[in-house]
Amino acid sequence: MPLERLPIGVIGLGLLGTAVAERFLIENPAVVGFDPDAIRCDHLRRLGGSTADQISDVCGACDVIVLSLPNSSVVTSVIQQLASALRAGMTIIDTTTGDPDQMVAIGKSLAEQGVGYLEANVAGSSVQMREGTATVFLGGDPELIAANEAVLSIIAPKRVSLGPVGCASKFKLVHNLVLGLHRAVLAEGLYFAESLGFSPTDTLALLQETPAASAVMATKGKKMVARNYDVQARLSQHLKDVRLMLEMADRAVAHIPLCELHRELLERAESLGFGDADNSAIIEAYYSDGAGDSDTSH
Numbered sequence: 000m001p002l003e004r005l006p007i008g009v010i011g012l013g014l015l016g017t018a019v020a021e022r023f024l025i026e027n028p029a030v031v032g033f034d035p036d037a038i039r040c041d042h043l044r045r046l047g048g049s050t051a052d053q054i055s056d057v058c059g060a061c062d063v064i065v066l067s068l069p070n071s072s073v074v075t076s077v078i079q080q081l082a083s084a085l086r087a088g089m090t091i092i093d094t095t096t097g098d099p100d101q102m103v104a105i106g107k108s109l110a111e112q113g114v115g116y117l118e119a120n121v122a123g124s125s126v127q128m129r130e131g132t133a134t135v136f137l138g139g140d141p142e143l144i145a146a147n148e149a150v151l152s153i154i155a156p157k158r159v160s161l162g163p164v165g166c167a168s169k170f171k172l173v174h175n176l177v178l179g180l181h182r183a184v185l186a187e188g189l190y191f192a193e194s195l196g197f198s199p200t201d202t203l204a205l206l207q208e209t210p211a212a213s214a215v216m217a218t219k220g221k222k223m224v225a226r227n228y229d230v231q232a233r234l235s236q237h238l239k240d241v242r243l244m245l246e247m248a249d250r251a252v253a254h255i256p257l258c259e260l261h262r263e264l265l266e267r268a269e270s271l272g273f274g275d276a277d278n279s280a281i282i283e284a285y286y287s288d289g290a291g292d293s294d295t296s297h
């Protein structure tokens with residue numbers, strides 16, 4: 000069946016899930032979404048998609064369902080809710096950043112029902128997903144990946160297969176570790192520059208012309224300088240990821256001390272009320288120590 004006539008399900012209509020749905024809507028397939036938040040469902044309908052009244056109704060309408068959920072425990076709960084409605088031959092594509100071990104267990108459970116399961120972990124924000132510039136890490140059976148090429152190519156033009164289920168979730172944590180620390184370093188640098196009397200705006204512009212430049216400066220630098228935290232990816236969600244990184248490091252007997260410091264900074268920013276703000280708000284953890292402008296509006 001041509002993709003433009005194939006209904007695609009999207010469960011979880013937060014920032015990333017809605018961006019994924021918008022990617023599908025560009026190609027004109029029918030998108031059937033579900034989220035317990037009525038406002039999110041209304042938004043999808045305004046974009047041109049439809050929504051299901053019950054989560055199980057998504058299975059009745061779609062053979063391919065994309066999950067975009069807060070964590071792997073929520074994924075497990077959703078799969079349990081869908082259990083009686085799942086059909087052999089269906090495919091679940093999971094964009095959730097979660098515990099790799101739980102993802103493996105979910106994949107095995109679905110396989111017992113004849114349902115395919117792919118990890119499709121997104122390297123990038125909801126804005127980058129919407130623009131088609133995000134990279135997706137894939138984990139799963141190569142034949143299942145090939146069979147869903149048309150769907151995956153719409154989610155993200157750039158995709159990397161990393162191995163069986165579990166591998167993509169592991170590498171997403173590696174990616175998020177490096178990306179998150181880049182943000183923390185930029186925040187510290189801008190704060191330090193301002194404490195020495197340099198303009199944050201001028202500092203950012205100059206750093207971008209030196210070997211210190213990074214992609215994070217382009218995506219988060221202006222937000223930090225302006226202290227404007229319109230949400231692309233929530234700070235509390237990254238804190239969840241950092242805690243998971245530390246759990247996985249304990250299992251692997253690996254020492255990642257910078258992550259410990261990063262967790263403390265994120266927890267401080269969250270305690271200041273920036274959990275639902277963009278993750279660039281990590282810079283507020285520095286200003287909370289008493290230096291710089293005391294305004295923490297967002």
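Sequential numbering from 0 applies to the sequence shown in numbering that gives the first Met the number 0.
We put the CB at the ideal spot given by N, CA and C, even for glycine.
Query	Result
At least 3 beta-carbon pairs within less than 8 Å: the stretch 169 to 184 vs the stretch 193 to 202	no
Top-ranked residue by Cα proximity to I153, from L189, I38, A18, S287	A18
Extent of the continuous beta strand (DSSP E) run through F33	30 to 33
Nearest-angstrom beta carbon gap, A119 and D93 [assumed within contact, 8 Å]	7 Å
Beta-bridge partners of N70, as assigned by DSSP	DSSP, once it has assigned bridges, lists no residue as partnering N70.
G48 vs G59 beta-carbon contact at 8 Å	no
Exposure label - E111; buried when at least 16 CB within 10 Å	exposed
The stretch 118 to 138 touching the stretch 217 to 235, judged by at least three CB pairs closer than 8 Å	yes
Expected contact under 8 Å - CB spacing of F273 and L234 to nearest Å	5 Å
Residue interval of the alpha helix (DSSP H) (run including N175)	166 to 194
Extent of the continuous alpha helix (DSSP H) to which V224 belongs	221 to 225
Residue of A146, P156, A211 minimising C-alpha distance to Q127	P156
Cβ contact (3+ pairs, closer than 8 Å) linking the stretch 243 to 254 and the stretch 159 to 178	yes
Residue nearest to E142 in terms of C-alpha spacing, selected from M223, T75, A82, P163	P163
Environment of I144 [buried if 16+ CB atoms lie within 10 Å]	buried
Helix, strand or coil at F136 according to DSSP, with G and I counted as helix	strand
Whole runs of the beta strand (DSSP E) within the stretch 74 to 140, excluding any shorter than 3 residues	90 to 93, 115 to 122, 134 to 138
Local Cβ density within 10 Å of E148, reported as buried at 16 or more and exposed below that	exposed
Identity of the residues DSSP links to K157 by a beta bridge	T134
Helix, strand or coil at D52 [DSSP, three-state]	coil
Opposing strand residues paired with T65 [DSSP bridges]	First, the residue type needs correcting, since residue 65 is Val and not Thr in the sequence shown. Looking at the DSSP assignment, V65 forms a beta bridge with V9, I92.
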